[in-house]
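Engineer: Chains as they are written, first to last, in the UniProt record's numbering: chain V, 1 to 264; chain P, 1 to 264.
Number of protein chains: 2
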Amino acid sequence: MGSVLNIVKIGGNVIDDESELQRFLEKFAALPGKKILVHGGGKIATRLAAEIGIEAKMVEGRRITDEPMLDVVTMVYAGLTNKKIVAALQKHGCDALGLSGADANSIKAVKRPVKDIDYGFVGDILVDSVNKLGVKKFLEAGFTPIFSAITHNGLGQLLNTNADTIASALAVSLSDLYETSLVYCFEKNGVLRDVNDDNSVIQSITEKDFDSLKSEGVIYEGMVPKLQNAFHAIGKGVKNVYIGNAANLHLFQQGGFGTCLVSK
Amino acid sequence: MGSVLNIVKIGGNVIDDESELQRFLEKFAALPGKKILVHGGGKIATRLAAEIGIEAKMVEGRRITDEPMLDVVTMVYAGLTNKKIVAALQKHGCDALGLSGADANSIKAVKRPVKDIDYGFVGDILVDSVNKLGVKKFLEAGFTPIFSAITHNGLGQLLNTNADTIASALAVSLSDLYETSLVYCFEKNGVLRDVNDDNSVIQSITEKDFDSLKSEGVIYEGMVPKLQNAFHAIGKGVKNVYIGNAANLHLFQQGGFGTCLVSK
Numbered sequence: 001m002g003s004v005l006n007i008v009k010i011g012g013n014v015i016d017d018e019s020e021l022q023r024f025l026e027k028f029a030a031l032p033g034k035k036i037l038v039h040g041g042g043k044i045a046t047r048l049a050a051e052i053g054i055e056a057k058m059v060e061g062r063r064i065t066d067e068p069m070l071d072v073v074t075m076v077y078a079g080l081t082n083k084k085i086v087a088a089l090q091k092h093g094c095d096a097l098g099l100s101g102a103d104a105n106s107i108k109a110v111k112r113p114v115k116d117i118d119y120g121f122v123g124d125i126l127v128d129s130v131n132k133l134g135v136k137k138f139l140e141a142g143f144t145p146i147f148s149a150i151t152h153n154g155l156g157q158l159l160n161t162n163a164d165t166i167a168s169a170l171a172v173s174l175s176d177l178y179e180t181s182l183v184y185c186f187e188k189n190g191v192l193r194d195v196n197d198d199n200s201v202i203q204s205i206t207e208k209d210f211d212s213l214k215s216e217g218v219i220y221e222g223m224v225p226k227l228q229n230a231f232h233a234i235g236k237g238v239k240n241v242y243i244g245n246a247a248n249l250h251l252f253q254q255g256g257f258g259t260c261l262v263s264k
Numbered sequence: 001m002g003s004v005l006n007i008v009k010i011g012g013n014v015i016d017d018e019s020e021l022q023r024f025l026e027k028f029a030a031l032p033g034k035k036i037l038v039h040g041g042g043k044i045a046t047r048l049a050a051e052i053g054i055e056a057k058m059v060e061g062r063r064i065t066d067e068p069m070l071d072v073v074t075m076v077y078a079g080l081t082n083k084k085i086v087a088a089l090q091k092h093g094c095d096a097l098g099l100s101g102a103d104a105n106s107i108k109a110v111k112r113p114v115k116d117i118d119y120g121f122v123g124d125i126l127v128d129s130v131n132k133l134g135v136k137k138f139l140e141a142g143f144t145p146i147f148s149a150i151t152h153n154g155l156g157q158l159l160n161t162n163a164d165t166i167a168s169a170l171a172v173s174l175s176d177l178y179e180t181s182l183v184y185c186f187e188k189n190g191v192l193r194d195v196n197d198d199n200s201v202i203q204s205i206t207e208k209d210f211d212s213l214k215s216e217g218v219i220y221e222g223m224v225p226k227l228q229n230a231f232h233a234i235g236k237g238v239k240n241v242y243i244g245n246a247a248n249l250h251l252f253q254q255g256g257f258g259t260c261l262v263s264k
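(1) For V:N105, decide whether its Cβ has a neighbour in chain P, counting only Cβ atoms nearer than 8 Å.
(2) I'd like to know whether the C-beta atoms of V:V8 and V:C185 end up nearer to each other than 8 Å.
(3) So what does DSSP say about V:S129, is it helix, strand or coil?
(4) Taking the beta carbon of P:D194 as the centre, do at least 16 other beta carbons fall within 10 Å, making it buried, or is it exposed?
(5) So if DSSP puts P:D176 in a beta bridge, which residue, or which two residues, is it bridged to?
(6) Please classify P:L227: does DSSP put it in a helix, a strand, or coil?
(7) Taking Cβ positions, are P:F210 and P:L227 nearer each other than 8 Å?
(8) In this structure, how does DSSP classify V:T259 when only helix, strand and coil are distinguished?
(9) According to the neighbour-count rule (16 or more other Cβ atoms, all chains shown, within 10 Å of its Cβ), is V:V127 buried or exposed?
(10) Can you tell which of P:L182, P:A87, P:L37 and P:A167 has the C-alpha that lies nearest to the C-alpha of V:G154?
(11) Entirely within the region 56–112 of chain P and at least 4 residues each: give me those alpha helix (DSSP H) ranges in chain order.
(12) Can you pull the chain P residues whose beta carbon is under 7 Å from the beta carbon of V:L80, in chain order?
(13) Which residues in chain V sit within 9 Å of P:E67, going by Cβ to Cβ distance?
(14) Quick test of your reading: P:R97 and P:I146, contact by CB under 8 Å. State the CB separation rounded to the nearest angstrom.
(15) If the cut is a Cβ gap below 7 Å, which residues of chain C does P:F121 touch?
(16) Under 8 Å between the Cβ atoms of P:A246 and P:V73?
(17) List the residues of chain P that V:H39 touches, going by C-beta distances under 8 Å, in chain order.
(18) Starting from the beta carbon of P:L97, find every residue of chain V whose beta carbon is closer than 7 Å, and list them in chain order.
(19) Looking at the unbroken alpha helix (DSSP H) that takes in V:G12, where does it start and where does it end?
(20) Give a yes or no on whether 8 Å exceeds the smallest Cβ distance from P:I150 to chain V.
(21) Measuring alpha carbon to alpha carbon, tell me which residue in V:L99, V:V201, V:E60 and V:A45 is nearest V:D116.
(22) Assign V:S175 to buried or exposed, taking buried as 16 or more other Cβ atoms, counted over all protein chains shown, within 10 Å of its Cβ.
(23) Does any residue of chain V have a CB that is nearer than 8 Å to the CB of P:I125?
(24) Could you give the C-beta distance for P:D95 and P:G142, rounded to a whole number, given that I count them as a contact under 8 Å?
(25) Any idea if P:R62 is buried or exposed, counting beta-carbon neighbours within 10 angstroms, 16 or more meaning buried?
(26) Going along the chain, which unbroken runs of the alpha helix (DSSP H) with 4 or more residues stay wholly within the region 184–234 of chain V?
(27) By Cβ distance, which residues of its chain are closer than 8 Å to P:T81, with the 5 residues on each side in sequence left out?
(28) At a Cβ threshold of 8 Å, is P:S129 touching chain V?
(29) So which of V:V76, V:L31, V:F121 and V:L70 has the shortest CA-CA distance to V:H92?
(30) Where does the unbroken alpha helix (DSSP H) through P:F28 begin, and where does it stop?
(31) According to the Cβ coordinates, are P:T180 and P:A169 closer than 8 Å?
(32) In or out: P:G101 buried (at least 16 other Cβ within 10 Å) or exposed?
(33) Alpha carbon to alpha carbon, how far is V:L48 from P:D197?
(34) From P:E187, P:I234, P:F138 and P:L158, pick the residue whose C-alpha is nearest to that of P:K34; which is it?
(35) Using three-state DSSP, classify P:K35 as helix, strand or coil.
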């Protein structure tokens, strides 16, 4: 087993707030050791699409990515957002390298099969989607990969792919090579015992705790699939999964960051 | 001196023609050995800017890059165009890695000083702008860097930079490490003896020939600065500069591609 690797996922809400984003990036740059950032999209893509007359198509809360929308998300995620993040990290001394899944063939996905719904150019990640040896080359050369949520199918087609899933797939795959932790940054301080009390963060949750917390109703709704995915990643070799507030990332090294999910 | 490196620059006119572009990329992918592609922007940025109500500002034929326009060119050049090219090259078995100058701090520029005209967020390249050891890491790891015409200043600011200049700066800098040739692809078959005869390509021009051809009036107008820049690059260590038709790139290895500029 090689050295430690931290994979941090940052969501759209931080990306949409310029000063939040800058504060977060300064903290991410200061994180020692090997690391990867995966970023979501934010509202810029939706706004740009509206401005150029592309209607955002949603089915059952899922965005449909037709060809004009794929162009928009490629522009915004892999272009504007990714390069702004890379330039900001370089300023803070982090040798950032912006990537889509097409670059260095780092993440190959398959266009989601059409069943009831045609999601359009949406990529699903498979078990061997991540080119871990390619990503390893960048890490070993001292670069910090910054992934946007765009992948490709290896046949010339770009695909829009969920950023949480990319982060998780990278973590599972790279845990063969590194002692890998996955850090989900969101707008809460962690998994809360009392949803109305931001200071009621549960510091550590095992899979067994998770079952109890679900039956107690402490963990519910959107948090359930998030944690299910996290424990799935742990089951596949990821050491720990953290869930916490982007604004607290500086506490990560001191063990004071959010909720830590552990296998047992 | 290391191995051979070819740096190919492709212009906007090819980028704007989807089938031309695909044909060119197939040929570029087939080019053996170490190589780099630098691509210009094309008309998509201008069209997108118009669609979202950003007026293209030109002063003396030069585009002024204000902040909204910088966002547009970053989206289009470093996002849409760059990632489409990378995905297409991956399809053809070329391990392409899309880069802006901010990525891996590969090309640092300075915001053009305001004299009579404020060009806005336009980057000028200096003698030590290229991080040649960073770019070398990618080449030695087997990747083919694909540069969009976006750089950064190292202080968090992205900058719009001329693609011809980027190609030339890369070639000059990397000629310290590789036997480097620079290949400008454009819409003509090369430097023509008779502008109306596409088959009148001058196969080889020395700097002395260039002076004669200028005084004879064979080379004039826009071609003069192009060739001046090319001979400048040769004076700085670049082995050869080629100027020819993107559609003929497959002839490059056989010595049948366009006009070759040589030092003597």
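Think of the CB as a built atom: it goes at the ideal place given N, C-alpha and C, for glycine as much as any other residue.
As the structure is a computational prediction, the values presented were derived from the model and not from experiment.
Structural biologist: Looking at the coordinates:
(1) Against chain P, the CB of V:N105 has a partner CB under 8 Å away; the residue lies at that interface.
(2) It is a contact, given that the beta carbons lie within the stated cut-off.
(3) The answer is strand: DSSP assigns V:S129 an E or B state.
(4) Looking at its Cβ environment, which holds fewer than 16 other Cβ atoms inside 10 Å, P:D194 is exposed.
(5) None; P:D176 has no bridge partner.
(6) The answer is helix: DSSP assigns P:L227 an H, G or I state.
(7) Yes.
(8) DSSP places V:T259 within a strand segment (E or B) once states are collapsed to three.
(9) It counts as exposed.
(10) Comparing Cα positions, the closest option is P:A87.
(11) For the region 56–112 of chain P, the full-length alpha helix (DSSP H) segments reaching 4 residues or more read 67–73 and 82–91 along the chain.
(12) Chain P residues near V:L80: D71, T74, M75 and G79.
(13) Chain V residues near P:E67: none, gap ~12 Å exceeds 9 Å.
(14) The sequence as given places Leu at residue 97 of chain P; Arg does not occur at that position. The distance from the Cβ of P:L97 to that of P:I146 is about 7 Å, consistent with a contact at the 8 Å cut-off.
(15) Here the protein chains are V and P, and chain C is not one of them.
(16) The criterion of a C-beta distance shorter than 8 Å is not satisfied by P:A246 and P:V73.
(17) Residues of chain P passing the Cβ test: none, with the nearest at roughly 13 Å.
(18) Under the 7 Å cutoff, chain V gives D103 and A104.
(19) Where V:G12 is concerned, the enclosing alpha helix (DSSP H) starts and stops at G12 to I15.
(20) For P:I150, the nearest beta carbon of chain V is closer than 8 Å to its own beta carbon.
(21) Taking each of V:L99, V:V201, V:E60 and V:A45 in turn and checking the Cα distance to V:D116, the smallest one comes out for V:E60.
(22) It counts as buried.
(23) Under the Cβ distance rule, P:I125 does not count among the residues neighbouring chain V, no pair being separated by less than 8 Å.
(24) The C-beta distance from P:D95 to P:G142 rounds to 6 Å, short enough to fall under 8 Å.
(25) Classified as exposed, P:R62 has fewer than 16 neighbouring CB atoms from the shown chains inside 10 Å of its CB.
(26) With a minimum length of 4 residues, the continuous alpha helix (DSSP H) runs that stay inside the region 184–234 of chain V are 207–216.
(27) Only I15, H39, G41, G42, I44 and S148 meet the Cβ criterion.
(28) Chain V contact via Cβ: absent.
(29) Cα-wise, what sits closest to V:H92 is V:L31.
(30) Taken as a continuous stretch (DSSP letters only), the alpha helix (DSSP H) holding P:F28 covers E18 to A30.
(31) Result no, Cβ atoms of P:T180 and P:A169 do not sit closer than 8 Å.
(32) So P:G101 ends up on the buried side.
(33) The alpha-carbon atoms of V:L48 and P:D197 are separated by roughly 46 Å.
(34) Of the candidates P:E187, P:I234, P:F138 and P:L158, P:F138 places its Cα closest to the Cα of P:K34.
(35) Looking at P:K35 - three-state DSSP - the assignment turns out to be strand.
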